[in-house]
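The structure under discussion appears below in the form of structure tokens.
In the numbering used here, the protein residues as written are 334 to 496.
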């Protein structure tokens with residue numbers, strides 16, 4: 334049995350071709366931290382646009398043969414997020430991080446992901462990465478290395494708890 338879902342597009346599709354910017358951009362050493370920030374800016378606060386949709390992305394880049402029913406990371410989508418430049422001015426909007434297995438960012442990277450493994454665990458983050466977000470006060474994270482990551486968050490003055 335296979336069930337597929339193709340959501341009705343309620344907005345005009347924007348291109349996913351990455352654009353270079355002259356603005357200062359945020360710097361990330363850890364992709365899982367960057368994905369958590371993208372979740373906040375793109376899906377929760379809707380300031381980072383366009384909102385990534387794996388079905389639109391697969392249609393635009395049909396030459397890449399993207400499996401939207403995948404149970405593994407869709408590498409072209411992950412590549413997109415790795416290369417995505419986030420303007421530094423957006424950092425001020427991030428007040429809270431709430432990592433959850435059901436977040437849109439993860440469903441667009443592994444559409445059939447059940448959230449039961451450590452794929453997106455935040456096991457490393459630097460104080461320098463955290464200090465880019467002056468208004469970040471609290472975080473709920475997925476981590477299999479929580480004590481070490483907790484120490485880094487505390488050093489940056491951010492309350493953190495394990496999901």
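Backbone N, C-alpha and C fix where the C-beta goes; we use that ideal spot for every residue, glycine too.
For residue i, the nearest candidate out of the options (CA to CA)
i	options	result
residue 414	441, 491, 484	441
residue 396	379, 409, 377, 493	409
residue 478	468, 437, 493	493
Close-in-space but distant-in-sequence residues of the same chain around residue i (CB under 8 Å, 5 per side omitted)
i	result
residue 358	418, 419, 420, 421
Inter-residue Cα distance where the pair is residue i and residue j
i	j	result
residue 429	residue 470	6 Å
residue 481	residue 374	26 Å
residue 502	residue 451	Beyond the ends of the chain as shown, which are 334 and 496, falls residue 502; an answer cannot be given.
residue 484	residue 392	43 Å
residue 425	residue 353	21 Å
residue 355	residue 336	44 Å
residue 468	residue 371	16 Å
residue 351	residue 449	31 Å
Other residues of its chain near residue i: CB distance less than 6 Å, five sequence neighbours each side excluded
i	result
residue 457	363
Per-residue DSSP class, three states only, for residue i
i	result
residue 472	strand
residue 290	Outside the modelled stretch of the chain, which goes from 334 to 496, sits residue 290, for which no answer is possible.
residue 444	coil
residue 364	helix
residue 398	coil
residue 493	strand
residue 386	coil
residue 450	coil
C-beta contact flag for residue i and residue j at 8 Å
i	j	result
residue 463	residue 369	no
residue 486	residue 472	yes
residue 443	residue 399	no
residue 433	residue 496	yes
residue 331	residue 388	This structure leaves residue 331 out entirely; the chain is present only between 334 and 496.
Close-in-space but distant-in-sequence residues of the same chain around residue i (CB under 7 Å, 5 per side omitted)
i	result
residue 291	Nothing about residue 291 can be read from this structure; the chain reaches only from 334 to 496.
Residue i beta carbon near the ligand GTP (any heavy atom closer than 7 Å)
i	result
residue 362	Summarising the ligand content, the structure contains no ligands, and the ligand GTP is consequently not present.
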